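Enquirer:
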Amino acid sequence: MSEPVSALGGAKTEALVTVEEMAPRGMIVLRGKLDDTAITGALEKVSGLAMPGQRGITVDGARRLAWMSPDEAMLILPRGDVSGAQADLTAALAGAHALVADLSDARASFRLSGEDAALREVLARLSPVDMHQTAFGPGMVRRTRLAQVAGAFWMPEVGVAELVTFRSVAQYAFDLLSVAARSPRVFA
Amino acid sequence: MSTRLTQGGARIDRTKPVSFRFNGQQLKGYEGDTLASALLANDRMMVGRSFKYHRPRGVVASGTEEPNALLGIGQGGRFEPNQRATMQEVFEGLESTSQNHWPSLEFDVGEINASLSRFLPAGFYYKTFLWPRSFWKHVYEPFIRQSAGLGKAPKDRDADTYEHFYHYCDVLVIGGGLAGLAAARAAASGGARVTVMEQEAHWCGRAADDGAEAQVADLVAELEGMENVTLRTRCMGAGVYDHGYVLGYERLTDHLSEKSGPRHRLWRVRAGQVITATGAIERPLSFAGNDLPGVMLASALRDYVVQFGVSVGDRTVVVTNNDDAYLTALALVGAGLTVPVIVDARQGGGGALAAEAEAKGIRVLKGHGIAKVKGRKRVTGVAICKQVGEGAVTEEIACDAVAMSGGWSPVVHLWSHCGGKLTWDDAQAMFRPDGTRPPTGEDGKGFVICAGAADGAFDRAEVAASGTKAGLAAAEAVGQAGSVSDLTAPEARGDNPIEPVWLMPASAKRKLRAKAWLDYQNDVKVTDVQLAAQEGFESVEHAKRYTTLGMATDQGKLSNINGLAILSGALDTPIPQVGTTRFRPPFTPISMGAIAGEARAETFQPLRRTPLHQWHVDNGADFEPVGQWRRPFCYIRPGEDRHSAVTREINQTRNSLGLLDASTLGKLIVKGPDAGRFMDMLYTNMMSTLQPGRCRYGLMCSENGFLMDDGVVARWDEETFLCHTTTGGADHIHAHMEEWLQTEWWDWKVWTVNATEQYAQIGVVGPKARTVLEKLGATNIANEDFPFMTFQDHKLAGIDARVYRISFSGELSYEIAVPAGQGLALWTALMEAGAEFGATPYGTEALHVLRAEKGFIMIGDETDGTVIPQDLGLNWAISKKKEDFIGKRAQSREDMAREDRWKLVGLETLDKSVLPDGAYVLADGTNANGQRTVQGRVTSSYYSPTLERGIAMGLVLRGPDRMGETIQLNKVDGSSVAARIVDPVFYDKENTKNV
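Protein sequence lines, in the order shown, are assigned to chains A and B. Quick note: the first sequence uses the UniProt record's numbering, first residue 1, plus one each step. Quick note: the second sequence uses the UniProt record's numbering, first residue 1, plus one each step.
See below:
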């Protein structure tokens, strides 16, 4: 198997906030009722992460487990761990009603970094999300839109945001983020 | 003449002169000036011509309500017409031009309309230009277009950028005067997140009239020190919408010489509670000649003296029906200017301010009014009369300015946008918000509160108290109750009450009424509204449209109340019964750029790109849009045009090997114990019987029976199906699945995932397809081992691939799905392995021709939302065994089941030409509209390189029963062309190639 390539080959913009496309990661999506402990238990066992609550995400090193909707979760992990995790998850879910799919290639991932307040403004230019630090911060995920395309983001730590969009609109998303990152501060 | 005074001007900085241009002439102003104040300081009284009569017009206001001083600002890529000079701050190098005049502002040919005004009454256009009919297009409209209209549209691409900003707060305060700031202080006292928007560059609003500057400065300092408060100036609350959604319009660089960053920012706010502290607008008085340059609102004239140190005239006559205008007289006299008389329409005159004016020796004429203003291009004097009566002149007074005040109208726009109701306040002669009927949120409770003058409070103490009360109420409503001390305020002024004056003099003769303007911008006079009433336009909404009162870019900020009062008089109906027209957002016009935000240039719209996109770009792809995707239409080689490239691609695919980027096709995974049952409902075919490892072509219909999507279904395993959809169908078919699962069959155990973008999918098509796969490592793929309509997993060029043996061309064909990140690697490997066979990438046009040669339908060509599968001869794909599927019942309706529907056939022109796409099949006679009767239409039409002739498919009345018949189809040039009805399968009817 050849080395997987990301949509934009690691494009990067450095401005008030740095925007860079991340290298390919593993992303496994699970559709299943997240109020069923058989499902969340399997997710926790395979990921080694605690199942987050509504609009939450658990982050540990390179792994993330995100609540995406009442019946959808996303597990992010190193690329090389995908097939093993997918098999483990499928095994752990035996008998439960769930759909597990490898969507590692379906999305583009971006990393935004910079001063926390500036970072929040970049996202607030594009997404109808309350970016006030009392309303959004590490441990939370927002499944929303960026201007005209779907996207989701979270803050693995203060001053950093990770964001995913569909792969086909990676260039549009990168351009949007770059334009927003170059704009002068709103609250300064 | 108007000029700069040597002293005064709280807002200007005399140490910072700036130069700017008006109609090419260099003028001087100061930092802090508005364009209006700077023009007045340079004696530019006349700033434009009116819309209809081209009358000379000057600045009349000092704020957003300005109807006359609309200018073109900027140049080239930064030119924008219709900008209010009163809201434009001057800066070094500002360029401005006046509008609506020809050939020049001073001498205008259209002014002749004014002398014809007797013959251009309300409804004139409707009445006059109806006949003869051909004159409208060739005579009337060009004439009207030349003489009417305001600014010119910009010609250049906008040089600026714009952005949106999403903002959330508990309480949004619109208006940064005393009431708004008091409201913010109270609202924030319990910790609520509070945002204040002020449309001007400075705080205070009209509270400066009451000497509240110091108090306002303290409030601003206090609020700036609060973490939970956000303050924005130059940011207008533009509209209030459902669920606490508010648009704010922030102007970031309009006041700067050196522009960088976005010009405007559109704030898209969600607020728990909205406080509108938007103040009030002074009303003009309706007397003859009230539109002459030099006649101004009393508050505006006062602003120019006090705030900008500009005198509009040496001798100013003040005319009023309330006490506020006395402030103007006192300010003028305080600045050393002359006020020959204050004309007070009230018999009893004014209160404490009037006494002060009289003590200063200003003559006050009570019970009087202005019969008419004298002058042509500017005021030279006024004729005085009794307010009662018809306007017999009692004396004439020379003056060069008139300050008028007809009372105040609260700015209720934002309160009203989302349904807040108004009540008529007889004592103050104004509509004010009815606090008991606010706009309501999803909980049925009000989410907008008015404060200050916007709520009808005018005394400074009342204004402050009203703001505080509104702020506390809003804080409580969002669960963040707080408390604050009352703001200090001086004693009430001791005003005498206003007396409503809607016409001056009260019984003015027609000659005077015909010169008494209501709407300056649209040139509507008192007589126009009276004529509308007389002609039966009794509803205020009808009168508005008939006269165009309030329909200009100022949306009647000065004219609405006066206009409806005149209508009320003409109808002999009380004002509250006449009511107001609807207040609609935005409060004042906002730029198109702000609405578009970042959506321009590369971020105008998302372009969806496949994993192979860059390869296509690098290899001559000529793209076409397919939804938001860009797909290669064909790949043009040097020396080729589109036609020859498509021909080459088709021939090479039929004869050897073609490659297609099919990544855009929808790929939806459906899984669960009830998946088979669900699939049987989604598709017209029986899908539950499909064996794992096999594929089946399926049709999906809407609930109304119409064919909406098609594609090949593969059963991955017992519980899992993969549904291929059309490129455009992926998202909405997924939504369609989810809707049925979530709303109707919520208890079925089925999950879906849209995996469209996980895979790059490559079509390997043509006689050499199998050989190429074998070269890349596939084994045991002979026809018997890997038959048509099955799929297998193979390792191709070291990449894990799922290979579907399906065909949309009639050729031996495989569609290979690999993870998107491996797509380019596989494509490259296929091109290399296929090089010896002349592997040829082909685009969507070749794809279309290949499928049309085989008579395969295309969603969007053969279907248009009104076509059912039966129309397309697809009955074989409609299960008769199934009890139900989506659309089944609809397809048994009489109209769907009738025999004489237009049905799919092939069409061959007798002369081998290509039929025009969409051509109609002609029938005899004409229909009720005199149009040619038709009996079918072309749905797909191509040149077939394989058959070396034009081929087409079409829907024809009883088509399949008429094989061999020759019919006529129309052409764009009006002629027709003969074609024979044939089987839609043009090529390889025996399916000899797909083996």
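Even for Gly, the Cβ is constructed at its ideal location relative to N, Cα and C. Model, not experiment: these values are computed from the prediction.
#1: Indicate whether at least one CB of chain B lies closer than 9 Å to the CB of Q54(A).
#2: How far does the beta strand (DSSP E) with T195(B) in it reach, from first residue to last?
#3: Looking at chain B, which residues of the region 141-171 of chain A have a Cβ within less than 7 Å of any of its Cβ atoms?
#4: Can you tell me whether DSSP reads V818(B) as helix, strand or coil?
#5: Whole angstroms are fine: how far does the CA of G556(B) sit from the CA of I281(B)?
#6: When you compare only the Cα positions, how much space is there between D344(B) and G441(B)?
#7: Quick one: using the 10 Å Cβ neighbour count with 16 as the cut-off for buried, is M155(A) buried or exposed?
#8: Give the DSSP bridge partners of D519(B), in chain order.
#9: Classify D911(B): buried if its beta carbon has 16 or more other beta carbons within 10 angstroms, exposed otherwise.
#10: Write down the C-beta distance between K671(B) and T720(B) rounded to the nearest angstrom, noting that I regard them as a contact closer than 8 Å.
#11: Following the continuous alpha helix (DSSP H) through H732(B), name the residue where it begins and the one where it ends.
#12: Taking a Cβ distance cut-off of 8 Å, strictly less, list which residues of the region 26-50 of chain A are near chain B, in chain order.
#13: Can you find the residues in the same chain that come closer than 8 Å, C-beta to C-beta, to P611(B), ignoring five residues on each side of it along the sequence?
#14: Within this structure, are the beta carbons of E845(B) and V179(A) separated by less than 9 Å?
#15: Checking contacts by CB at 9 Å: is M74(A) closer than that to chain B?
#16: Which same chain residues end up closer than 8 Å to Y326(B) when comparing Cβ atoms and leaving out the 5 residues on each side of it in sequence?
#17: From the beta carbon of K259(B), is the nearest beta carbon of chain A less than 9 Å away?
#18: Shortest alpha-carbon distance to G964(B) belongs to which of N970(B), S975(B), I981(B)?
#19: Expressed to the nearest angstrom, what Euclidean distance is found between the alpha-carbon atoms of L682(B) and K882(B)?
#20: Whole angstroms are fine: how far does the CA of G367(B) sit from the CA of D323(B)?
#21: Between the Cα of Y697(B) and those of Q530(B), G834(B), I857(B), spot the shortest distance and give me the residue it belongs to.
#22: Pop quiz: E250(B) and R232(B) are said to be a contact at Cβ under 8 Å. What is the actual Cβ separation, rounded to whole angstroms?
#23: Specify whether the region 834-841 of chain B and the region 653-669 of chain B touch according to this definition: at least 3 beta carbon pairs, one from each stretch, less than 8 Å apart.
#24: Taking the straight line between their C-alpha atoms, what separation do you get for D917(B) and S69(A)?
#25: Could you tell me whether the Cβ atoms of E908(B) and R949(B) are closer together than 9 Å?
#26: Residues of the region 642-669 of chain B in Cβ contact with chain A at a cutoff of 7 Å, in chain order, please.
#27: Is V59(A) helix, strand or coil by DSSP?
#28: Sort K854(B), R802(B), G444(B) by Cα distance to R654(B) and report the nearest one.
#29: Compare the beta carbon distance of M131(A) and Y804(B) with 9 Å and say whether it is the shorter of the two.
#30: Hey, could you find the ends of the beta strand (DSSP E) M155(A) is sitting in?
#31: Does the beta carbon of L65(A) come closer than 9 Å to any beta carbon on chain B?
#32: Assuming contact is defined by CB atoms lying nearer than 9 Å, are A952(B) and G906(B) in contact in what I supplied?
#33: Roughly how many angstroms separate the alpha carbons of A38(B) and A329(B), rounded to a whole number?
#34: Is it buried or exposed, Y241(B), if we count other Cβ atoms within 10 angstroms and call 16 or more buried?
#35: Is L93(A) close to chain B, meaning its C-beta is less than 9 Å from at least one C-beta of that chain?
#36: Take the Cβ of S416(B) as the centre, count every other Cβ of all protein chains shown within 10 Å, and call the residue buried at 16 or more, exposed below.
Expert: With the given structure in hand:
#1: no
#2: Following the DSSP letters along the chain, one finds T195(B) inside the beta strand (DSSP E) bounded by residues 194-197.
#3: A147, Q148, V149, F166, R167, S168, V169, Q171
#4: strand
#5: 11 Å
#6: 45 Å
#7: buried
#8: In the DSSP secondary-structure assignment, D519(B) is bridged to V524(B).
#9: exposed
#10: 4 Å
#11: 730-739
#12: V29, R31, G32
#13: S663, A760, A820, G821, G823, L824
#14: It is not a contact, given that the beta carbons lie outside the stated cut-off.
#15: no
#16: V318, T320, I342, G350, L353, A354, E356, A357
#17: no
#18: Of the candidates N970(B), S975(B), I981(B), the residue whose Cα lies closest to the Cα of G964(B) is I981(B).
#19: 12 Å
#20: 14 Å
#21: I857(B)
#22: 6 Å
#23: The answer is yes - the region 653-669 of chain B touches the region 834-841 of chain B, with three or more Cβ pairs under 8 Å.
#24: 46 Å
#25: yes
#26: I669
#27: strand
#28: K854(B)
#29: Contact flag unset, no.
#30: 149-157
#31: By this cut-off, L65(A) is not an interface position.
#32: Yes.
#33: 22 Å
#34: Its Cβ having fewer than 16 others within 10 Å, Y241(B) is exposed.
#35: no
#36: buried
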